[in-house]
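Chains as they are written, first to last, in the UniProt record's numbering: chain W, 1 to 436; chain B, 1 to 436.
2 protein chains.
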Amino acid sequence: MTTITSVDVVDVRFPTSLSADGSDAMNKDADYSAAYVVLRTDEPGLAGHGFTFTIGRGNDICVLAAQHRAAPLVGRSVEQIVGDLGGIYRELKTDSQLRWLGPEKGVEHLAMAAVMNAVWDLAARRAGKPLWRLLAEMSPEELVDVADLKYLSDVLTRDEAVGMLEEMAPTRAARIAELESSGYPCYTTSAGWLGYSDEKLRRLCQEAVDAGYKHIKLKVGGDLEDDIRRLGIAREVIGWDANLMIDANQVWDVPEAIEWVGRLAEFKPLWIEEPTSPDDVLGHAAIREAVAPIGVATGEHGMNRVLFKQMFQAGAIDFCQLDSARLASINEILAVYLMAKKFGVPVCPHAGGVGLCELVQHLSVFDYVAVSGSLEGRVTEFVDHLHEHFVDPCIVEDGAYRLPDQPGYSAEMHEASIAEYAYPNGSYWASVAVPA
Amino acid sequence: MTTITSVDVVDVRFPTSLSADGSDAMNKDADYSAAYVVLRTDEPGLAGHGFTFTIGRGNDICVLAAQHRAAPLVGRSVEQIVGDLGGIYRELKTDSQLRWLGPEKGVEHLAMAAVMNAVWDLAARRAGKPLWRLLAEMSPEELVDVADLKYLSDVLTRDEAVGMLEEMAPTRAARIAELESSGYPCYTTSAGWLGYSDEKLRRLCQEAVDAGYKHIKLKVGGDLEDDIRRLGIAREVIGWDANLMIDANQVWDVPEAIEWVGRLAEFKPLWIEEPTSPDDVLGHAAIREAVAPIGVATGEHGMNRVLFKQMFQAGAIDFCQLDSARLASINEILAVYLMAKKFGVPVCPHAGGVGLCELVQHLSVFDYVAVSGSLEGRVTEFVDHLHEHFVDPCIVEDGAYRLPDQPGYSAEMHEASIAEYAYPNGSYWASVAVPA
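Here you go:
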């Protein structure tokens with residue numbers, strides 16, 4: 001028997017605010033950070049790695065929450081945990097005292113994501129498979145057993161979920177072969193951060209086109225005249241056949257979103273992302289109706305499956321951008337993919353930050369192979385930052401993610417990176433003045 | 001000039017799980033707790049006290065979050081802060097790095113509630129008035145200046161808000177006089193916790209009737225046959241003229257809620273409270289349509305004003321049970337009261353826990369005096385637990401809250417209570433075995 005012997009949770013922060021990487025209308029000085037969980041075992045070489053993503057201050061709060069949430073795992077049998085990945089999820093999530101602090105949202109849910117991401121990484125490593133393949137080899141019943149369908153039965157029953165997965169099962173192998181050849185399509189956000197100069201924007205757009213991207217995303221919502229000028233530059237460089245997406249990062253009220261997006265319609269954006277509060281289902285529905293044919297996208301702050309259920313029910317979004325470190329790992333993400341399939345909404349996961357690209361490549365591949373069976377309208381975010389800190393970094397070629405082939409969820413960071421960027425005592429932070 | 005010299009945040013926990021007080025279908029072993037904030041100043045005798053309420057484990061996470069959130073207050077001028085209570089709220093809430101952890105939900109929002117509750121307590125103490133009176137003496141413009149209307153302009157403009165308050169302003173004094181004579185009506189939840197025996201239920205229902213209550217609430221949702229038997233006992237004791245409310249604490253999916261409540265309809269409950277996920281606006285709307293004329297109530301886990309906006313827009317609730325320690329204090333609560341007024345939904349605040357009754361009495365009085373001007377359909381929760389720990393405890397007589405008359409928000413705890421129940425080093429916890 002293999003046992004989980006301890007849980008380490010580390011506060012890791014990268015000083016990205018120094019370069020304006022990641023700057024947008026809401027988040028001007030992000031220090032991309034991770035509350036990083038390692039489940040250690042008594043089997044040499046076997047550990048589970050997972051994390052949630054934050055943008056700096058408060059990462060320590062997520063660390064503390066993850067320590068609480070993971071505590072019941074210590075001393076448990078690895079075989080038992082990976083043999084019932086739905087059971088351990090439900091056990092951790094139903095701690096009634098911790099539940100009060102959400103439920104299923106905010107810091108507690110970020111911590112749950114970090115811990116369960118580590119559990120799924122452990123399961124895939126133990127199976128000797130990349131996570132997408134572990135999932136793609138599970139039967140429809142096994143997948144539905146691990147999915148969290150609580151509060152969803154008004155739109156999705158267990159039988160419906162099994163039925164949808166069964167329909168795709170016979171053709172899984174062909175889709176795996178297809179993706180092994182072509183990769184999974186992605187788009188880049190690296191060009192369009194709000195803090196970049198026009199010259200840098202122009203150069204990065206050209207580099208993106210040269211690298212084979214057919215989708216490019218720009219941040220908007222700071223100043224209307226700036227947005228008009230920057231979108232003009234982008235269209236000049238990428239032309240009108242490529243897709244241009246815009247992202248307001250929640251800065252507008254509903255009427256303001258409708259007005260502002262209307263002023264940018266001449267640039268024919270594919271979608272407006274996060275036009276308003278991420279909690280506002282009915283607001284997104286109103287915006288979608290007003291700005292069509294421009295699509296509405298949201299989800300990186302989509303707090304849980306109940307929010308996505310309503311986004312689908314209300315016809316509020318054209319693109320679902322679930323987040324791999326905000327939803328409670330595979331158990332909840334699977335439920336959102338199943339609902340998206342039923343409602344016919346493409347899932348284009350949020351990525352970037354620290355390590356989110358490493359995670360979402362597994363999700364997108366699994367979705368195509370086992371759930372949606374479609375690439376139409378689907379393109380996964382890619383941001384070219386901080387991959388050097390990961391042991392098994394994602395690889396993007398010709399605007400597509402190559403399929404990961406190492407065991408696990410690609411979540412492990414280099415020990416040297418942790419030693420340098422652990423906060424506040426890593427070698428980088430010890431060398432600069434950290435405010436008390 | 002008076003200065004905030006330091007912020008203390010204390011983890012206070014009461015071992016209420018020992019007596020099954022507070023037990024319901026979701027929360028079986030609550031230890032009522034507070035992340036308790038004290039803003040100390042250099043004026044002798046002047047401090048601001050506030051808290052958020054939790055049910056045990058994880059209270060330390062809220063303490064850490066409150067420490068972060070309150071840090072910018074240290075060294076500030078009290079005059080400046082109380083002179084611009086909207087400004088300090090916006091400054092604290094827009095920390096973009098902390099915002100990522102919500103936004104405006106979960107642990108971070110509970111912490112914001114604790115800190116801003118202390119700020120409002122400080123403002124009222126400095127003015128020498130109970131908080132309800134401080135608010136009731138502010139002009140419509142002043143009130144709207146402190147209210148957080150962000151993300152609400154699709155349902156409520158600033159001008160509409162001022163207009164609604166102006167309409168009630170000339171008659172405020174008469175309503176104050178009325179409440180000073182009669183008190184504000186309340187109901188009791190003390191009778192119906194799920195862990196109580198039938199005999200205790202019967203006795204407590206009789207005591208509630210004898211004490212003048214016209215509304216009694218029971219917990220349901222554990223076992224249908226138990227619920228039918230317990231509601232039968234309650235109706236036997238209180239008769240059919242008194243109001244009986246039922247509370248499921250989020251245990252059901254939507255179809256299950258409709259089915260179960262249908263089976264309890266013979267007992268003619270006034271409302272079903274928290275039938276499903278607190279995030280499910282469309283689910284509550286569906287339940288409301290199906291169970292009418294039984295009303296739907298929710299809000300103690302209503303995470304922020306954007307959720308309440310949608311509850312009102314969707315016609316999802318008959319009673320709004322906002323929580324004084326989950327919403328971000330007066331700034332956000334005021335916005336919810338204004339929307340409730342516009343949509344004609346009575347606000348019946350959630351209370352109980354630790355100190356929530358002390359807070360909500362101020363809110364209900366202010367609502368009647370300055371916002372709604374109506375008592376119709378309004379009754380505020382009262383639970384007779386833990387008031388002995390407060391310096392200015394609420395007083396309930398004949399089923400009504402007497403108006404508080406001490407300066408502040410009635411949020412201050414006795415130092416002896418803190419010394420005993422601070423976790424894990426207070427004298428009570430030091431005397432029992434606390435798990436590591």
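We treat Cβ as the ideally placed atom computed from N, Cα and C, and that holds for glycine. No experiment lies behind these values; they were computed from the predicted model shown.
{"query": "Mind pulling the chain W residues with CB within less than 7 Å of Ala314 of chain B?", "result": "Leu282"}
{"query": "Please classify Ala436 of chain W: is it buried, with 16 or more other beta-carbons within 10 angstroms of its beta-carbon, or exposed?", "result": "With a pLDDT of only 49 at Ala436 of chain W, under the threshold of 50, the placement of this residue in the model should not be trusted; the figure read from the coordinates follows. Classification for Ala436 of chain W: exposed."}
{"query": "I'd like to know if the stretch 268–275 of chain W and the stretch 247–256 of chain W are in contact, where contact means that at least 3 CB-CB pairs between them fall below 8 Å.", "result": "yes"}
{"query": "What does Asn27 of chain W reach in chain B if we use C-beta pairs closer than 9 Å?", "result": "Ser96, Gln97, Arg99 and Trp100"}
{"query": "What residues in its chain sit with their C-beta under 6 Å from that of Gly222 of chain B, if we drop five residues either side in the sequence?", "result": "Ala25 and Leu194"}
{"query": "Could you tell me whether the stretch 421–432 of chain B touches the stretch 5–15 of chain B, using the rule of 3 or more Cβ pairs below 8 Å?", "result": "yes"}
{"query": "I'd like the ranges of any alpha helix (DSSP H) spanning at least 4 consecutive residues and lying wholly in the stretch 61–140 of chain W.", "result": "78–83, 85–93, 96–99, 106–127 and 131–136"}
{"query": "Would you mind reading off the limits of the beta strand (DSSP E) that contains Tyr368 of chain B?", "result": "No beta strand (DSSP E) holds Tyr368 of chain B; DSSP gives it neither H nor E."}
{"query": "Gln206 of chain B CB to nearest chain W CB: under 9 Å?", "result": "no"}
{"query": "Please report the straight-line C-alpha distance between Leu322 of chain W and Met413 of chain B, rounded to a whole angstrom.", "result": "43 Å"}
{"query": "Check the DSSP bridge columns for Val354 of chain W and list the partner residues they point to.", "result": "None; Val354 of chain W has no bridge partner."}
{"query": "Output needed in chain order: residues of the stretch 104–119 of chain B with a Cβ under 9 Å from some Cβ in chain W.", "result": "Glu104, Lys105, Gly106, Val107, Glu108, His109, Leu110 and Ala111"}
{"query": "Below 9 Å between beta carbons: does that hold for Lys309 of chain W and Met164 of chain W?", "result": "no"}
{"query": "Using the C-alpha atoms, what's the distance from Lys93 of chain W back to Pro103 of chain W?", "result": "9 Å"}
{"query": "Identify whether Tyr184 of chain W lies in helix, strand or coil by the three-state DSSP scheme.", "result": "strand"}
{"query": "Would DSSP call Ser17 of chain W helix, strand or coil?", "result": "helix"}
{"query": "Please state the DSSP three-state secondary structure of Lys219 of chain B.", "result": "strand"}
{"query": "Using alpha carbons as the reference points, say which of W:Ala47, W:Val82, W:Glu108 and W:Glu79 lies closest to Asp60 of chain W.", "result": "W:Glu108"}
{"query": "Which partner residues does Cys320 of chain W have in the DSSP bridge list?", "result": "W:Thr298 and W:Val347"}
{"query": "Assuming His215 of chain W and Ala242 of chain W make a contact with CB atoms under 8 Å, what is their CB distance in whole Å?", "result": "7 Å"}
{"query": "May I have a chain-ordered list of the beta strand (DSSP E) segments no shorter than 3 residues that lie completely inside the stretch 234–303 of chain B?", "result": "243–247, 271–273 and 295–298"}
{"query": "Which one of W:Val306, W:Arg378, W:Ile330 and W:Val396 has the shortest CA to CA distance from Lys150 of chain W?", "result": "W:Val306"}
{"query": "How many Å lie between Gln97 of chain B and Ala34 of chain W at the Cα?", "result": "13 Å"}
{"query": "Which of the three DSSP states, helix, strand or coil, is assigned to Ile55 of chain B?", "result": "coil"}
{"query": "Counting Cβ pairs closer than 8 Å, one from the stretch 379–396 of chain W and one from the stretch 159–173 of chain W, do we hit at least three?", "result": "no"}
{"query": "What residues in the stretch 290–316 of chain B bring their beta carbon closer than 8 Å to a beta carbon of chain W?", "result": "His301, Met303, Asn304, Val306, Leu307, Lys309, Gln310, Gln313 and Ala314"}
{"query": "Pull up the CB-CB distance for Ala111 of chain W and Gly50 of chain W, whole angstroms please, since I reckon it's below 8 Å.", "result": "11 Å between Cβ atoms; not a contact."}
{"query": "Expressed to the nearest angstrom, what Euclidean distance is found between the alpha-carbon atoms of Ile317 of chain B and Phe312 of chain W?", "result": "21 Å"}
{"query": "Please report how far the alpha carbon of Gly377 of chain W lies from the alpha carbon of Cys205 of chain W, in whole angstroms.", "result": "21 Å"}
{"query": "Less than 9 Å between the beta carbons of Pro130 of chain B and Asp398 of chain B, yes or no?", "result": "no"}
{"query": "Which residues mark the beginning and the end of the alpha helix (DSSP H) in which Leu39 of chain B is found?", "result": "That residue, Leu39 of chain B, is in no alpha helix (DSSP H); its beta strand (DSSP E) goes Ser33 to Thr41."}
{"query": "What do you reckon, are the CB atoms on Trp132 of chain W and Leu403 of chain W nearer than 9 Å?", "result": "yes"}
{"query": "If we cut at 9 Å on Cβ distances, does Thr5 of chain W have a partner in chain B?", "result": "no"}
{"query": "Does Gln321 of chain W come within less than 9 Å of chain B when only Cβ atoms are used?", "result": "no"}
{"query": "So what does Gly50 of chain B bridge to, in DSSP terms?", "result": "B:Val37"}
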